[in-house]
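Chemist: Please find one structure pasted underneath; my questions will follow.
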Amino acid sequence: MLRYTVRRLLQLVLVMLVLSFLLFIWLRSLPGGTVSAILGERATPAKRAELNAVLGLDQPVVVQYVKFLGRVLHGNFGSSTAVSPGSTALQVFGDRFPATVELAFGAMLFALVFGIPLGYIAARRRGGWLDNAGMVTSLLGIAVPVFFLAFLLKFIFAVKLGWLPPTGRQAVNIDATRVTGFFVLDGLLTREYDASWDAVKHLILPSITLGTIPFAVIFRITRSSVLEVLNEDFIRTAEAKGLTNRVIRGRHILRNALLPVVTVTGLQVGALLAGAVLTEKVFGYPGLGEATAIAFTQKDYPVLQVLILASAATYVIVNMLVDLSYAVIDPRIRTR
Amino acid sequence: MTNSDILATETGDAGPPRRWGGWRKGRIDGLAASAADDGGVSLWQDAWRRLRITPVFWIGAVIIGLFVILAIIAPWIAPQDPAAQLLIGQTSRARNQIAPAQPGFLLGGDTYGRDLFSRLVLGSRQTLLVGVFATLIGLTGGLILGLLAGAFGGWVDTVVMRIVDVMLSIPSLLLAISIAVLFTNPNLTTVIIAVSVVQIPVFARLLRGQMLAQRDSDHVLAARSLGVRRAPIVFKHMLPNSISPVIVQATLVVATSIIDAAALSFLGLGSQDAGTPEWGQMLGEAQDRIDSHPGLAFWPAGAIVVVSLGFTLLGESLREAIDPKNRR
């Protein structure tokens, strides 16, 4: 178990190294280039050469890469140019990270709370109306572009019906105390429950939007996985032994059926980060996704570096946790 | 009695071979055909047998069929020039006005006074191009990587899979955006490239997994012990037996590519070519008018949903049909 964890951590370091190199190459091949960005297109060749020397761009690529890596390891990514000018790229990340974690948590909560029970019921009553409705919904969930769903929900529930706020993370007139940067948690800690509730209301629509694809995937995998387990001999044995439905459901069916669900849930985290870019943009939600959208369209490359490295690290770490959690769910893996 | 007569009686309906050289082949083919009559059917034949009675498959197939026909005959259907600002007189950004539906303009104008219906019809072509070519490029790249990893194993496999891991570690849309911003003039080709690269690791992983399973199978072992060289083993024995799930995945990827391309357009990184309409681009243009004129966004979005649903339905029913668990 320990050896396995260490090996996966080494793998993480390797992936990050390769990624940092790709990131370096990528930054160098962006159209325009650094010198033109600073001096403009019409600078004289002499001026260009001078700035090249100052920035160290005339040195061999390997040297440049090592220097780049040194800066990255010190967390020195430079200052943000567009997302929030004045603060460093790392600060931008720190400010917005809690917002996206809250959103991702909300989305996963939506996906799991609806996906697993509905998938289970759909499998138990295969071919019933709930099964069919669930399959249609999950197919639609995959086929509808995330940003269109966002528009649709915003248009219906925020603009037309006015039940929920259309944009932002918390109403501006609420003077909430900041403790952790997680608005919902902050409200609970400081007993400003209205602030907490307001943050929750801002989270509902974006969470549903972002959670739709994970919901569709989790629903389907739960359904097919439960169907498979239901055919196993040990279920028949359990029924023959006269165990109660509750015990069969909990210990026999769900415990065995949840393994693929956990894998897929982990894999969805990557999709979640991508979906957050679109969702946060539509809902004007000040998280990492919105920062990514702004950074790409307005060429804020310092911020982009941090965001890309961070999302890759998140993805690798989550997948590692998923693999480790297998051992917790399935004792058979532990002994191997 | 000639030799061919003997063969004809032996193999029944296989028919007599015309030439002396084709004899053995004819005989073997005949045997293969007669074996099929005994109940053994190929994977795809068996799949087709189940697909034929699946409504989901037919819904998907009909949607895709209509979509392809629409894309082909689009220039003859579109009543107006999709690039001409024919209704610009009735359109004002300042007063938030958009030309309403009128004779000759079925759905009215768009934000620039162009005929929405014509743009919608002609947009099907770009969407089809994006879906098909992005999938083909992604499939080709994935096949090459997957073949390398699956055929050679060992360190080649390790290197290829690490590349795949790195590509998968960046969320697909983020990777597509990163590639899209590398081009100074975004157009349909650059969008296709950006969207297709993202799919390469998916295909590579799938094919590699299938190939690895094939490596240890009895028929490959038999071929190897008969002294068959690596290339024929890979291309004649392993690849044909591994390709079905990859083809199914390709059907689903068409839908993903279309949606991803639309997302790029929405973020302002799609094709900047105003002359050729594209659904994602139309949706992107409509986004700031969605509160006052939801129709502008509804039509292109609806079109994207229907088409990607078509490909998803087809892919899902194919997946079900070739699943060995469902074989009788």
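Keeping their order, the protein sequence lines are chains A and B. Position one of the first sequence corresponds to residue 1046 (my numbering), numbered consecutively onward. Position one of the second sequence corresponds to residue 823 (my numbering), numbered consecutively onward. Cβ coordinates follow ideal geometry from the N, Cα and C atoms, glycine included. It should be emphasised that the depicted structure is a prediction, and the values quoted were computed from it without experimental measurement.
1) For Y1360 (chain A), which option in A:L1047, A:D1140, A:Y1049 and A:R1053 has the closest C-alpha, if you only look at C-alpha atoms?
2) Per DSSP, G931 (chain B) is paired with what?
3) On the three-state DSSP scale, how would you describe S1129 (chain A)?
4) Would you tell me roughly how many angstroms separate the C-alpha atoms of A858 (chain B) and D1038 (chain B), rounded to the nearest one?
5) Straight-line CA distance for T1126 (chain A) to R1027 (chain B)?
6) Please check the pair L1244 (chain A) and R1281 (chain A), which I expect to be a contact at CB under 8 Å, by giving their CB distance rounded to whole angstroms.
7) State yes or no: is the C-beta of L1255 (chain A) within less than 8 Å of the C-beta of A1152 (chain A)?
8) For the ligand MG, any of its heavy atoms closer than 7 Å to the Cβ of A1088 (chain A)?
9) Any residues in the stretch 1057 to 1087 of chain B with a beta carbon nearer than 8 Å to a beta carbon of chain A? Which ones, in chain order?
10) When you compare each of B:A905, B:V943, B:Q924 and B:W870 to L892 (chain B) by their alpha carbons, which one comes out closest?
11) Does T1134 (chain B) get closer than 8 Å to chain A when you measure Cβ to Cβ?
12) Using DSSP's beta-bridge definition, name the partner residues of S1124 (chain A).
13) In whole angstroms, what separates the C-alpha of R1236 (chain A) from that of V1137 (chain A)?
14) Against G1200 (chain A), what residues of chain B qualify as contacts under a CB-to-CB distance less than 8 Å, listed in chain order?
15) Could you spell out the range, first to last residue, of the alpha helix (DSSP H) harbouring I895 (chain B)?
16) What is the DSSP secondary structure of Q948 (chain B), counted as helix, strand or coil?
17) Candidates A:A1261, A:F1113 and A:G1287: which alpha carbon is nearest F1155 (chain A)'s?
18) At a CB-CB cut-off below 8 Å, which residues of chain A make contact with A971 (chain B)?
19) Tell whether a beta-carbon distance below 8 Å holds between G1115 (chain A) and L1135 (chain A).
20) Counting C-beta neighbours from all protein chains within 10 Å, is the total for V1373 (chain A) 16 or more, i.e. buried, or is it exposed?
21) Per the contact definition of three or more C-beta pairs closer than 8 Å, is the stretch 1085 to 1105 of chain B in contact with the stretch 1036 to 1054 of chain B?
22) Helix or strand or just coil, what does DSSP make of Q1104 (chain A)?
23) When the Cβ atoms of the stretch 1296 to 1305 of chain A are set against those of the stretch 1354 to 1369 of chain A, are three or more pairs found closer than 8 Å?
24) Three-state secondary structure (DSSP) at Q924 (chain B)?
25) What does S1074 (chain A) reach in chain B if we use C-beta pairs closer than 9 Å?
26) From what residue to what residue does the alpha helix (DSSP H) around F1279 (chain A) run?
27) Could one say the Cβ of V988 (chain B) lies closer than 8 Å to chain A's Cβ atoms, at least one of them?
28) Starting from G963 (chain B), find everything on chain A with Cβ-Cβ shorter than 9 Å and list it in chain order.
29) Compute the Euclidean distance between the alpha carbons of A1094 (chain A) and A998 (chain B), then round it to the nearest angstrom.
30) Starting from V1020 (chain B), trace the alpha helix (DSSP H) in both directions and tell me its first and last residue.
31) Helix, strand or coil: which one does DSSP assign to Q1071 (chain B)?
32) For F1139 (chain B) versus F889 (chain B), is the C-beta distance shorter than 8 Å?
33) Does L1064 (chain A) come within less than 8 Å of chain B when only Cβ atoms are used?
34) On the premise that I1081 (chain B) lies in contact with S786 (chain B), defined as a C-beta separation below 8 Å, what is that separation, rounded to the nearest angstrom?
35) Using a C-beta to C-beta distance shorter than 9 Å, which residues of chain D count as neighbours of I899 (chain B)?
Modeler: In terms of the structure at hand:
1) A:R1053
2) B:D937
3) coil
4) In this predicted model, A858 (chain B) has a pLDDT of only 46, less than 50, meaning its place in the structure is not dependable enough to derive any value.
5) 38 Å
6) In the sequence under discussion, the amino acid at residue 1244 (chain A) is Ala, which differs from the Leu named in the question. Between the beta-carbon of A1244 (chain A) and that of R1281 (chain A) there is about 49 Å, and that puts the pair past the 8 Å contact cut.
7) yes
8) The ligand MG is absent from the structure shown, which contains no ligands of any kind.
9) A1077, I1081, A1084 and A1085
10) A check of alpha carbon separations from L892 (chain B) across B:A905, B:V943, B:Q924 and B:W870 identifies B:V943 as the nearest.
11) Interface residue, yes.
12) In the DSSP output, where bridge partners are listed per residue, S1124 (chain A) has A:T1133.
13) Cα-Cα distance, rounded: 27 Å.
14) Here residue 1200 (chain A) is Phe; the residue named in the question, Gly, does not match the sequence. What F1200 (chain A) touches in chain B: I1112, D1113 and P1116.
15) P877 to I899
16) In the structure shown, Q948 (chain B) adopts helical secondary structure according to DSSP, grouped into three states.
17) Measuring C-alpha to C-alpha distances from F1155 (chain A) to each of A:A1261, A:F1113 and A:G1287 identifies A:A1261 as the nearest.
18) Those within 8 Å of A971 (chain B) in chain A number zero; the least Cβ separation is about 17 Å.
19) no
20) exposed
21) no
22) coil
23) no
24) strand
25) L1004
26) Where F1279 (chain A) is concerned, the enclosing alpha helix (DSSP H) stretches over D1278 to A1285.
27) Yes, its Cβ sits closer than 8 Å to a Cβ of chain A.
28) Neighbours of G963 (chain B) on chain A: none; closest Cβ ~16 Å, over 9 Å.
29) 33 Å
30) Looking at the DSSP string, V1020 (chain B) is not in any alpha helix (DSSP H), and its letter there is neither H nor E.
31) helix
32) Checking the sequence shown, residue 1139 (chain B) turns out to be Ser, not Phe. Against a cut-off of 8 Å, the Cβ pair of F889 (chain B) and S1139 (chain B) comes out as no contact.
33) At least one chain B Cβ lies under 8 Å of L1064 (chain A).
34) The structure shown does not extend to residue 786 (chain B), since chain B spans only 823 to 1150, so no value can be given for it.
35) Chain labels in this structure do not include chain D; the protein chains are A and B.
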